[in-house]
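Peer 1: Next up is a structure, given as structure tokens.
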Amino acid sequence: MSDGITWLPDAWHGGAPILFVTFARGISPADLVVRLGAQPGEVLDPITFAEAERLTYNDRESARVARFGECAGWSFAVEQGWPSKAWWAHPDVSTGGVEVLHLTPKTDDPPKECWYYRDGQTVGRFDFGDTPDEGMEFLLPAFEEAGLLDDDVSEDFDTSRATLTALQQHFGLSLPRQEILNGRLPAAVTATVPPENLGD
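Just so we're aligned, residue 1 is where the sequence shown starts under the UniProt record's numbering, counting upward by one.
Here it is, written out as structure tokens:
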């Protein structure tokens with residue numbers, strides 16, 4: 001059974017370590033982390049969520065670490081530490097006909113953001129809670145089905161989870177929840193020092 005991605009808000013809550021999530025279609029997981037800043041071939045032994053956090057905060061051996069794999073036909077990377085290179089208009093991560101979708105939780109500075117790149121171009125971006133436009137209109141049917149376009153929604157409507165439901169439906173996204181939160185995944189350092197600019 002697929003885990004989907006609607007569980008991500010459970011991992012993004014409160015003071016939990018931040019996970020920056022990047023999906024790519026058209027390249028391998030190892031190639032994805034290189035595009036995110038890793039050195040080719042420099043892969044760490046599989047590590048846990050907690051071990052990645054120690055590398056980026058407690059031990060300060062690196063500024064950003066990605067654990068990576070493949071699920072539902074997409075390569076994925078979950079990064080801890082400083083914000084991902086896939087954030088903030090970096091379409092070069094998608095050169096060569098690749099699709100890249102990036103989710104930034106921004107727990108300290110909401111709202112969450114979604115960026116979508118394809119073949120070296122920024123297709124568009126939107127904040128969770130907003131209606132996609134300017135190149136992202138193709139998501140509107142999935143947003144409508146998820147209840148995000150309704151004029152009258154209840155106060156307890158979970159916008160984040162509904163947005164992830166729409167993205168999951170349209171792109172066919174899934175992530176292995178237990179492997180990411182409790183298991184071990186191959187890892188790579190995607191930044192050795194804090195980046196000077198957003199998305200570096």
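Idealized CB from N, CA, C, for every residue including glycine.
Fair warning: this is a prediction, and the values are worked out from it, not measured in the lab.
#1: Check this for me: beta carbons of residue 4 and residue 174, under 8 Å apart or not?
#2: For residue 147, which option in 131, 138, 191 has the closest C-alpha, if you only look at C-alpha atoms?
#3: Runs of 4 residues minimum, wholly inside the segment 169–193: which ones carry the alpha helix (DSSP H) assignment?
#4: Quick check on this structure: which residue in 24, 12, 20 has the alpha carbon closest to the alpha carbon of residue 118?
#5: Identify which residue in 99, 34, 47, 39 has its Cα closest to the Cα of residue 74.
#6: When DSSP labels each residue in this structure, what does residue 45 get in the three-state scheme?
#7: Mapping DSSP to helix, strand and coil, what is residue 130?
#8: When the Cα atoms are used, what is the spatial distance from residue 78 to residue 104?
#9: Tell me, which residues are paired with residue 69 by DSSP?
#10: Applying the criterion that 16 or more other CB atoms from any shown protein chain within 10 Å of the CB defines a buried residue, is residue 62 buried or exposed?
Peer 2: In this structure, then:
#1: Contact check for residue 4 against residue 174 passes: the beta carbons are separated by less than 8 Å.
#2: Of the candidates 131, 138, 191, the one whose C-alpha sits nearest the C-alpha of residue 147 is 131.
#3: 177–181, all fully within the segment 169–193.
#4: Ranking 24, 12, 20 by CA distance to the CA of residue 118 puts 24 first.
#5: Among 99, 34, 47, 39, the Cα nearest to that of residue 74 belongs to 99.
#6: Assigned with DSSP and collapsed to three states, residue 45 falls in strand.
#7: It is coil, neither helix nor strand.
#8: Distance between residue 78 and residue 104, taken at the CA atoms: about 10 Å.
#9: DSSP, once it has assigned bridges, lists 76 as partnering residue 69.
#10: Buried: at least 16 other Cβ atoms inside 10 Å.
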